[in-house]
Amino acid sequence: MSEDRFSLLIIGGYGTFGGRLARLLGDEPRLRLLVAGRSLEKADDFVADLRTPKDGAEGLGSNNLGAMVQAVSFDRDGDLTEQLTRLRPHLVVDASGPFQTFGKDAYRVVEACIDLSIDYADIADSTGFVAGVGGLDAAAKAKGTFALSGLSSLPALSFAALDAMAPHFSRIECVAAGIAPSPHVKIGLNVVRAIATYAGKPVAVLRHGSPASGRGLIDAMRVTVAPPGVKPLRSRKFLLVDAPDLKLLPARFAGLQSTFTGVGTEPQPLQRLLSLAARLVHFRLLPSLQPFARLLQRASHSFAIGEHRGGMFVRISGVDHAGKRLSCGWHLIAEGDDGPFIPVIAVDALVRRLLTGIRPENGARPAAGELQLADFEAAFQRFSITSGITMENEEARQPLYQRILGSAWERLPPALAALHAGGARVASGRARIERGSGLLARIVARLIGFPPAGEDVPVTVRFVSDGDKEIWTRDFGGTVFRSWQVEAKGRDRDLLAEVFGPFRVLMAAEPDGEKLRLVVRGWRFLGIPLPMFLAPGGDTYEEERDGRFHFHVEIGGRLTGLVVRYTGWLVVE
1 MSEDRFSLLI IGGYGTFGGR LARLLGDEPR LRLLVAGRSL EKADDFVADL RTPKDGAEGL
61 GSNNLGAMVQ AVSFDRDGDL TEQLTRLRPH LVVDASGPFQ TFGKDAYRVV EACIDLSIDY
121 ADIADSTGFV AGVGGLDAAA KAKGTFALSG LSSLPALSFA ALDAMAPHFS RIECVAAGIA
181 PSPHVKIGLN VVRAIATYAG KPVAVLRHGS PASGRGLIDA MRVTVAPPGV KPLRSRKFLL
241 VDAPDLKLLP ARFAGLQSTF TGVGTEPQPL QRLLSLAARL VHFRLLPSLQ PFARLLQRAS
301 HSFAIGEHRG GMFVRISGVD HAGKRLSCGW HLIAEGDDGP FIPVIAVDAL VRRLLTGIRP
361 ENGARPAAGE LQLADFEAAF QRFSITSGIT MENEEARQPL YQRILGSAWE RLPPALAALH
421 AGGARVASGR ARIERGSGLL ARIVARLIGF PPAGEDVPVT VRFVSDGDKE IWTRDFGGTV
481 FRSWQVEAKG RDRDLLAEVF GPFRVLMAAE PDGEKLRLVV RGWRFLGIPL PMFLAPGGDT
541 YEEERDGRFH FHVEIGGRLT GLVVRYTGWL VVE
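Just so we're aligned, residue 1 is where the sequence shown starts under UniProt numbering, counting upward by one.
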């Protein structure tokens with residue numbers, strides 16, 4: 001074997017997370033990857049698959065294998081000194097688990113690595129395991145090694161997001177974080193077993209500044225995961241999970257009042273059944289959900305219904321440096337099948353930093369704050385993953401569209417930013433109007449007051465701010481109709497709501513190059529939710545052309561066909 005390669009041993013290397021890490025690092029020619037587990041046969045099969053070119057594939061590990069990859073047998077309950085001495089890794093990554101069930105010898109792998117001066121990292125999500133690794137700090141420093149625990153979404157990525165937002169605050173009072181996996185992700189059995197250990201059991205949280213007992217998979221909060229400028233995930237409830245952040249946050253932020261970490265799975269009815277099962281444990285009608293782990297896993301695989309998208313959020317609130325109330329949120333959405341790679345991106349970033357000579361400080365500790373958000377964002381470029389930060393000063397309100405778009409506001413072309421700058425303003429221009437010919441389309445158009453069809457119609461739009469909402473009064477050649485727009489609240493948070501008479505249309509604002517697209521995500525009639533498949537749709541966007549604001553608005557539906565389409569340009573007076 002080539003001695004000049006960096007040798008990485010992945011325990012659980014053919015498992016759910018270890019396998020993804022191996023695929024993620026497989027393109028690195030400076031690496032010697034040791035894919036390890038109790039079954040040498042399974043390790044061999046995984047490595048053979050990793051090495052096999054995939055016709056037409058462009059995904060990770062398809063045709064770009066540059067690392068030296070070897071299948072090895074490794075038994076974490078065996079003679080660790082003998083195995084580690086024989087394999088001679090520079091870094092050991094434990095991607096097995098569940099870490100909640102490791103028992104009294106939980107740190108025997110970490111201790112063996114330290115004794116042999118081998119660096120160590122893991123993706124543990126067990127609060128006790130991650131928080132307790134600090135007990136080996138002195139031994140690790142004496143041996144000149146590092147041992148980082150919890151190098152995963154929680155707490156490594158969540159704390160990187162917190163550290164990016166924290167400088168805006170003089171005092172942080174509330175922190176909440178959550179993961180919303182795609183329903184099409186095949187959740188590993190060890191993950192389900194880990195969740196089952198605390199379902200219905202007490203989970204340590206902060207409430208009103210004091211330690212309190214939450215209820216695992218029972219206590220909930222509703223959140224809409226909505227990175228700036230990206231179509232948000234559907235609003236969902238996140239159920240309380242026991243994550244390392246809950247233990248680490250009070251030491252990180254003095255004066256913290258409340259904490260929450262959760263998971264929001266789809267379909268939500270299945271999650272409600274899981275929460276009901278957790279209540280049976282809470283009321284001692286069942287001792288634990290652990291015996292049902294395989295059944296729960298099969299259920300999650302069988303009912304894979306919903307979008308091929310997943311996400312994550314971290315929200316904090318407190319007081320800014322001017323003494324005003326401030327809320328801040330970091331949101332992430334992963335498209336398609338990219339979300340499952342997020343838990344191992346921190347390890348990927350660590351390994352690539354090591355290959356460039358950037359090494360963590362020696363010692364054993366939780367991985368919270370070990371990496372910066374920029375380290376993750378660089379890795380996100382390899383995937384269809386978008387993240388961003390939104391801030392809301394509760395006393396100094398920003399213009400409506402700036403609040404909705406957050407950091408994506410900076411990407412708006414000047415003509416669009418000028419039109420949505422807030423305050424009282426008037427814009428005028430010309431428009432072309434088309435109207436639908438169907439009976440129902442004509443009824444809807446008359447009900448709302450849409451203008452008649454016409455070419456080169458003079459148009460004037462007056463904008464008036466009224467508290468949190470903007471009133472838009474449109475005059476198309478003497479035909480006037482009015483709507484108002486506001487930032488949606490509650491379960492529709494981070495969406496733009498526009499009200500036409502009795503109808504409320506909920507839209508996601510998505511910058512797309514020189515365009516700002518408005519994508520319908522829901523609608524109401526007199527406050528009553530209506531089916532999405534009947535929602536008014538169409539290609540609606542704004543764009544800058546020749547330095548001017550141009551609009552393209554289509555309103556129609558399955559029942560009505562086209563109701564109205566108006567296109568044209570405006571200049572702010």
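Don't be surprised by glycine CBs; every beta carbon is placed ideally from N, CA and C. As the structure is a prediction and not an experimental result, all values here were calculated from the model.
Closest by C-alpha distance to residue i, when choosing among the options
i, options, result
"K186", "F341, F450, I345", "F341"
"S39", "R20, R504, A71, G26", "A71"
"G454", "E543, P536, R432, G339", "R432"
"V480", "W472, E487, F253", "W472"
"S437", "P452, A424, R425, V426", "P452"
"D348", "A364, F380, C174, C328", "F380"
"P155", "G229, G262, Y198", "G262"
"M221", "S235, H184, R284", "S235"
"W523", "Y541, G513, K515, G501", "G501"
"F253", "V223, A299, P167, L273", "P167"
"A131", "Q100, L116, V191", "Q100"
"E470", "A421, R446, K515", "A421"
"V281", "Y198, P29, A212", "Y198"
"G209", "I179, G188, L256, A251", "L256"
"I195", "S288, K237, L116, S117", "S288"
"Y107", "Y401, T386, A364", "A364"
"residue 574", "G12, S117, A138, F292", "A query on residue 574 cannot be resolved here, the shown segment of the chain reaching from 1 to 573 and no further."
"K360", "G15, A140, A67", "Reading off the sequence shown, one finds Pro at residue 360, where the question assumed Lys. Among G15, A140, A67, the Cα nearest to that of P360 is on A140."
"A180", "G264, V110, G188", "G264"
Neighbourhood of residue i by C-beta, 7 Å cutoff - its chain only, sequence neighbours within 5 removed
i, result
"W569", "G429, R430, R548, F549, H550"
"R545", "none"
"G561", "G436, G438, A441"
Cβ shell of residue i (< 8 Å), same chain only, five flanking positions each side left out
i, result
"G56", "Residue placement at G56 cannot be trusted, given a pLDDT of 44 that sits under 50; the coordinates are not used to answer."
"E58", "In this prediction, E58 has a pLDDT of 46, which is less than 50 and means its spatial position is unreliable; what the coordinates show is noted afterwards. Nothing listed; no residue qualifies."
"R558", "F533, L534"
"R442", "R435, G436"
"V426", "T460, V461, R462, F463, V572, E573"
"C113", "L84, V92, D119, Y120, T145, A147"
For residue j and residue i, believed in contact at Cβ under 8 Å, the rounded distance
i, j, result
"R207", "S258", "6 Å"
"A334", "G311", "7 Å"
"G369", "D163", "6 Å"
"A367", "S149", "6 Å"
"A424", "S483", "A424 to S483, Cβ: 17 Å. No contact."
"A304", "H184", "5 Å"
Enclosing alpha helix (DSSP H) for residue i [first to last residue]
i, result
"Y401", "400-405"
"V47", "40-51"
"L87", "80-87"
"residue 635", "Residue 635 is absent from the structure shown; the chain starts at 1 and stops at 573."
"E377", "373-380"
"G477", "Counting along the chain, G477 falls outside any alpha helix (DSSP H), and DSSP gives it neither H nor E."
"N393", "First-last for N393: 385-393, but that is the beta strand (DSSP E), not the alpha helix (DSSP H)."
"I443", "439-448"
Cβ-Cβ distance between residue i and residue j below 9 Å
i, j, result
"R474", "V563", "no"
"A160", "L371", "yes"
"T390", "A226", "yes"
"G339", "S182", "yes"
"V203", "D242", "yes"
"S170", "G323", "yes"
"A124", "L21", "no"
"L217", "L239", "yes"
"G229", "P529", "no"
"L31", "V344", "no"
"S384", "E377", "no"
"R325", "G200", "no"
Beta strand (DSSP E) segment containing residue i, residue limits
i, result
"G429", "425-435"
"residue 588", "Past the edges of the chain, shown from 1 to 573, lies residue 588, and the structure says nothing about it."
"S170", "169-180"
"T261", "258-263"
"D320", "309-320"
"V499", "496-500"
"M507", "503-512"
Cβ shell of residue i (< 6 Å), same chain only, five flanking positions each side left out
i, result
"S327", "S317, E392"
"D494", "T224, A226, P232"
"G61", "For G61, the pLDDT reaches just 47, beneath the cut-off of 50, and the residue's location in the model is therefore unreliable, leaving the point undetermined."
"V175", "L249, T259, I316"
"V191", "none"
"L80", "A112"
"G97", "N190"
"Y566", "A431, I433, V553"
Minimum Cβ-Cβ distance from residue i to chain D less than 9 Å
i, result
"R493", "Checking the listed chains, one finds no chain D in this structure; it contains a single protein chain."
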